[in-house]
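Colleague:
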Amino acid sequence: MIKKYFLGEYSLAKTFWIGQILIANLLLPFLMALILSNLGFSLNSSKIILYPIPFIFAIGVWNSSKMYSGKKIWKILALGFIVIQLSIYTYRAYLIIS
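When we follow the numbering used here, the leftmost residue of the sequence shown carries the number 7, and every step to the right adds one.
1. Assuming T21 and G86 make a contact with CB atoms under 8 Å, what is their CB distance in whole Å?
2. Could you check whether the segment 17-31 touches the segment 55-62, counting it as contact only if at least three pairs of C-beta atoms, one from each stretch, sit closer than 8 Å?
3. Tell me whether Y74 is buried or exposed, calling it buried when 16 or more other Cβ atoms sit within 10 Å of its Cβ.
4. Please state whether DSSP places S38 in a helix, a strand or coil.
5. What is the DSSP secondary structure of S17, counted as helix, strand or coil?
6. For F63, which of helix, strand or coil comes out of DSSP?
7. Count the other C-beta atoms from every protein chain shown that fall within 10 angstroms of the C-beta of F36, then say buried if there are 16 or more, exposed otherwise.
8. Please report how far the alpha carbon of L42 lies from the alpha carbon of S93, in whole angstroms.
9. State buried or exposed for Y100, treating a residue as buried only when at least 16 other CB atoms are found within 10 Å of its CB.
10. Looking at the secondary structure, which residues open and close the alpha helix (DSSP H) in which A99 lies?
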């Protein structure tokens, strides 16, 4: 299942909405932040641990968009979202580190 996701074998809609939006941006960060705060991690250190999650899940969206054969606008929007989101996360991580 995980291998199939990262190879982009699921539909673009599933990889984007379920993988990237629901899991990578909502559920996993919430659960991991809850666990890390209970373990005594500070907010900034937990952010550094959480920031790679969207990057990892973006691989599946990117690969799925390569195989997508529907309307081109959905592919462009999904990839545009990924590029913008990961740029913002990279900038925020840079600000925390520096």
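Just so it is clear, CB atoms sit at the ideal spot from N, CA and C, and this is done for glycine as well.
Modeller: Let me spell this out:
1. At roughly 15 Å, the Cβ-Cβ gap does not stay under 8 Å, so T21 and G86 are not in contact.
2. yes
3. buried
4. Going by the sequence as given, residue 38 is Met instead of Ser. M38 falls in the helix class under three-state DSSP.
5. Annotated three-state conformation of S17 is coil, per DSSP.
6. helix
7. The Cβ neighbour count for F36, taken over all protein chains shown within 10 Å, is under 16; the residue is labelled exposed.
8. In a straight line, the C-alpha of L42 is about 24 Å away from that of S93.
9. exposed
10. 78-103
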